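Beneath this line is the structure, given in structure tokens, with notes to follow.
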Amino acid sequence: MPGNLYNLHPGSRLDQPLDSAIEQITQGLNHVMFPDMKTTVLLETMSGKGSEVGRRFEELKEILDRVVQKDQIGVCMDACHMWDSMTVSFAWIFCGGHGKKYE
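Laid out in structure tokens, this is it:
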């Protein structure tokens with residue numbers, strides 16, 4: 510993994526529909542990212558408070574699918590945010606499938 514990582518929160522959608530927010534986030538990323546850049550952008554998982562984008566893996570995947578520079582983007586899985594959002598079966602995954610499953 511490269512040493513030049515830039516971790517960021519995808520943002521909030523405020524009053525706009527989720528798909529519009531995802532499109533706006535993607536447009537911004539596509540505007541600033543370029544083929545020879547040395548930095549990998551990491552979208553951080555979010556807890557979903559308020560209107561945050563990135564609570565569900567599907568939201569992050571939608572952004573990743575729309576970004577042109579696919580070799581320069583990834584995901585930072587914030588365990589605290591995932592736990593707070595109660596991402597489905599996160600505790601089960603975190604424990605490697607051992608122990609108690611929390612829903």
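Residue numbers (our numbering): 510 to 612.
Yeah, the Cβ is synthetic: ideal placement off N, Cα and C, and Gly gets one too.
Note that the structure is predicted; figures quoted are calculated from it, not measured.
Can you tell me which residues form a DSSP beta bridge with Thr549?
Leu514
Rounded straight-line distance, which links the Cα of Ser594 to that of Val576:
25 Å
Going by DSSP, what residue range makes up the beta strand (DSSP E) through Val676?
The structure shown has nothing for residue 676, since the chain only spans 510 to 612.
Excluding the 5 residues flanking Asn513 on each side, which residues of the same chain have their C-beta closer than 6 Å to its C-beta?
Lys547 and Thr548
I need the straight-line Cα distance from Ser538 to Glu532, nearest angstrom please.
Inspection of the sequence shows that residue 538 is occupied by Leu rather than by Ser. Each residue's Cα considered, the two are about 10 Å apart.
Per-residue DSSP class, three states only, for Ser529:
helix
Can the beta-carbon of Gly563 be found closer than 8 Å to that of Leu573?
no
For Gly563, does the three-state DSSP call read helix, strand or coil?
coil
Assigned secondary structure, Asp524 (DSSP; H/G/I helix, E/B strand, else coil)
coil
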